[in-house]
Amino acid sequence: MNNFKKFVTYFWLVIISVGVLLGIGLVQNNLDDSIEKNHLRFTGQIKNAPPVVAFTTVAMGSFRGILADLLWLRAHRLQDKGNYFEMVQLASWITKLQPRFSGATAYLAWNMAYNISVTCSSFADRWRWVNEGIKLIRDEALLYNPEDASLYKELGWIFQHKLGNILDDGNLYYKNMLAIEMSKVIGAKPDWKALAAAPADYAAFLKKYPRNEKDPFWKALKKAGFEDYDSFFRKFKEAAGKLPVKFVEALNNPEMVKSLQTYFTGQWLRDKYKLDPKIVLEINNRYGKLDWRLPEAQAIYWATMGLKKTPSHRDLSCERMITQALFNAFKAGKLLALDAKKLESVVCIPNLNVVDSVLKAYEDAYIENNKQSSFRSAKINFMKDAIVILYNYGSFTKAREYYKMLQKEEPGKYRAQMESFVMKQWAEDVRDASSKKATDVISGLIYRSINFMVLGEEDAALANENIARYIYSNYQRFNADIKDRVGLAPFNKIKAGVIDACMTSFPPLMKEILKQKIAEQKQGKKKSVENASGDGKSKSEN
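Be aware that the sequence shown starts at 133, since it is given in my numbering, and climbs by one per residue.
Shown next as structure tokens:
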């Protein structure tokens, strides 16, 4: 009897267990359908994940959370002791154990880029930690969370704030390193249309260059001594983005060499920086041609990707980031010169290509916020700044276009000529300043003028010197009758001092160009004097 009771008990336990399992299965199916339908995130198996991530998320189950907690504790202990050697590996392990916990990854990346980096006295060490923070999100977390807008925002913020801003005294080092590394891949003037049109991946490459003995690529590959595609691609990257000489000689087809150069450059860009040339081209077409060696362009890219990937295609943080980065790109978004040796200076000028996009961003914000006066004031202030900047850098037609728009925005307020408006804006900034500050502003304009002259930007050079002269004469005139106000040194003396400083600080090549330009100017003045003397003589004789 006891055995029969046990049998019945076990039988019903089995029936109940089967029923519970079936119920769990039904609930799980409903949950899976809801997740897929509503684009929800969960901690289940991840598609296309590396083997180690797939293993930990399935085989370890809930125990991976315990292991992740232990790694978190170790990471905090190491950081408290100032021992950071394992932090990169620990952060990678934590991300793999909890790949869908994007908040943890964002914190780990921020911690490396901000907290740990500033503990290093060497800018090189700081850059290493900042770069590790970038790579943790870009190369790992976004692979597992491609629809998480917050991760795109965090990645863009590191570029926009840590690299693009000036709050970290290592910012010039970071800007130089980013520009140098990007230049290795895309050069100074990449052809984005060609890069976007090239095959997007290996599968598309095989359609264009079928793998057989007759195809010229594979024939040349074998003849040049490469075992396979991967070894060839590795050699391409090791050669700083150049096709191996033996391969080029074996191929003996200049047009095909150019096409392959473009393809492998695009693949290297995707592989190293996760930048898609098609998206880059789309951004350039939408906002204006950006300089992708600078952090502002990178911030715009990742914010744009955040809007593309998130199911709603709307995210306020990403939208704001695009607007802010565009404004920063307008003010200083074109790289003229970097310091590849000392990494201590970067010469950037405004990127005038994006001015209309920035204005549109202000106009959209004004409309979206029910035409509040504060947004209109911000737009008008931007227009004033844009007019001055456009004029300063030789874009006189565009500056005049914006001045007319400003006149329409505030009818009757701006009746003077645009040139007078620009000079007045500059003069007001230094009119009440001390003689030292005024001299610093004038010297800065002359210094910029000299830089532009050396770099071949003649219009911008002339505009900056003209503004410097106007501010000088305006300051002298305004302060002539004020007692105890020390006047400025002669303008030519200030200019000579700036030229001497440039001769001391400029790299050898820029120094030689400056000497040549000064000699040309002296020769031009000499000819003008001789012509004037000749004209005077002929008149007297007549």
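Glycine is no exception: its CB is placed at the ideal position from the N, C-alpha and C atoms. Everything numeric in this text was worked out from a predicted model, so none of it was measured.
Return helix, strand or coil for residue i, following the three-state DSSP convention.
i       : result
Arg-470 : The sequence given here has Leu at residue 470, not Arg. Strand at Leu-470.
Ile-481 : strand
Asn-214 : Checking the sequence shown, residue 214 turns out to be Gly, not Asn. In the structure shown, Gly-214 sits in coil (DSSP, three-state: anything other than H, G, I, E or B).
Arg-343 : coil
Thr-237 : helix
Ala-332 : coil
Phe-528 : helix
Ser-444 : coil
Ile-298 : coil
Pro-640 : helix
Pro-348 : helix
Glu-451 : helix
Arg-601 : helix
Gly-319 : coil
Asn-135 : helix
Arg-232 : coil
Gly-157 : helix
Glu-476 : coil
Gln-648 : helix
Leu-304 : helix
Leu-522 : helix
Asn-606 : helix
Gln-653 : helix
Glu-590 : helix
Gln-504 : coil
Asn-583 : helix
Asn-611 : coil
Gly-288 : helix
Leu-620 : coil
Gly-629 : helix
Gly-151 : helix
Ile-178 : Low confidence applies here, because Ile-178 scores a pLDDT of 47, under 50, leaving its location unreliable; read the following figure in that light. Of the three classes helix, strand and coil, the one that applies to Ile-178 here is coil, per DSSP.
Only counting the same chain, and skipping five residues up and downstream in sequence, which positions put a Cβ closer than 7 Å to that of residue i?
i       : result
Lys-671 : Reliability fails at Lys-671, whose pLDDT of 39 lies under 50, so the model's placement of it is uncertain and no value is given.
Ile-574 : Ala-600, Ile-603, Tyr-604 and Ile-626
Arg-270 : Leu-287 and Lys-406
Trp-225 : Leu-203
Gly-438 : Ala-281, Tyr-284, Lys-285, Asp-447 and Cys-450
Phe-623 : Arg-601 and Tyr-604
Val-220 : Glu-264
Lys-676 : Residue 676 lies beyond the residue range present for the chain, which begins at 133 and ends at 674; the question has no answer from this structure.
Ordered along the chain, which non-local residues of its own chain (more than five positions away) have a Cβ less than 8 Å from that of residue i?
i       : result
Glu-673 : Only weak support is given to the placement of Glu-673: the predicted model assigns it a pLDDT of 40, under 50, and the value that follows is read from those uncertain coordinates. For Glu-673, where only same-chain residues beyond five positions count, there are no Cβ hits under 8 Å.
Trp-350 : Tyr-341, Arg-343 and Asn-344
Ala-256 : Tyr-305
Gly-465 : Leu-422, Asp-423, Leu-426, Glu-428, Ala-429, Cys-480, Pro-482, Asn-483 and Val-486
Ignore the nearest five residues each way along the sequence and tell me which others in residue i's own chain have a CB closer than 6 Å to its CB.
i       : result
Gly-398 : Leu-327, Ala-330 and Pro-409
Trp-434 : Tyr-284, Leu-287 and Gly-288
Met-309 : Trp-259
Ala-559 : Ile-603 and Asn-606
Thr-237 : Thr-227 and Ala-273
Lys-367 : Pro-376
Thr-455 : Ala-493
Val-586 : Met-642, Ile-645 and Leu-646
If residue i sits next to residue j, beta carbons under 8 Å apart, how far is it from one beta carbon to the other, in whole angstroms?
i       : j       : result
Ala-457 : Ile-432 : 5 Å
Phe-507 : Ala-497 : 5 Å
Val-490 : Phe-528 : Contact doesn't hold; Cβ gap of about 19 Å is too wide.
Phe-337 : Tyr-395 : 7 Å
Trp-424 : Met-314 : 6 Å
Ile-290 : Ile-266 : 6 Å
Gln-393 : Leu-413 : Not quite, the Cβ-Cβ distance comes to about 18 Å (not below 8 Å), so this is no contact.
Tyr-546 : Phe-514 : Their Cβ separation, rounded to whole angstroms, is 15 Å, which puts Tyr-546 and Phe-514 out of contact at 8 Å.
Leu-240 : Leu-199 : Not confirmed; about 16 Å, so no contact.
Gln-292 : Met-550 : Not quite, the Cβ-Cβ distance comes to about 32 Å (not below 8 Å), so this is no contact.
* Enumerate, from N- to C-terminal direction, the unbroken alpha helix (DSSP H) stretches of 4 or more residues contained entirely within the region 357 to 437. => Fully enclosed alpha helix (DSSP H) runs of 4 or longer: 361 to 370, 377 to 383, 386 to 405 and 409 to 419.
* Along the chain, which unbroken stretches of the beta strand (DSSP E) at least 3 residues long are found entirely within the region 538 to 576? -> With a minimum length of 3 residues, no continuous beta strand (DSSP E) run stays inside the region 538 to 576.
* Taking the runs of the alpha helix (DSSP H) that are 4 residues or longer, which of them lie wholly in the region 246 to 286? -> Whole alpha helix (DSSP H) segments, 4+ residues: 255 to 267.
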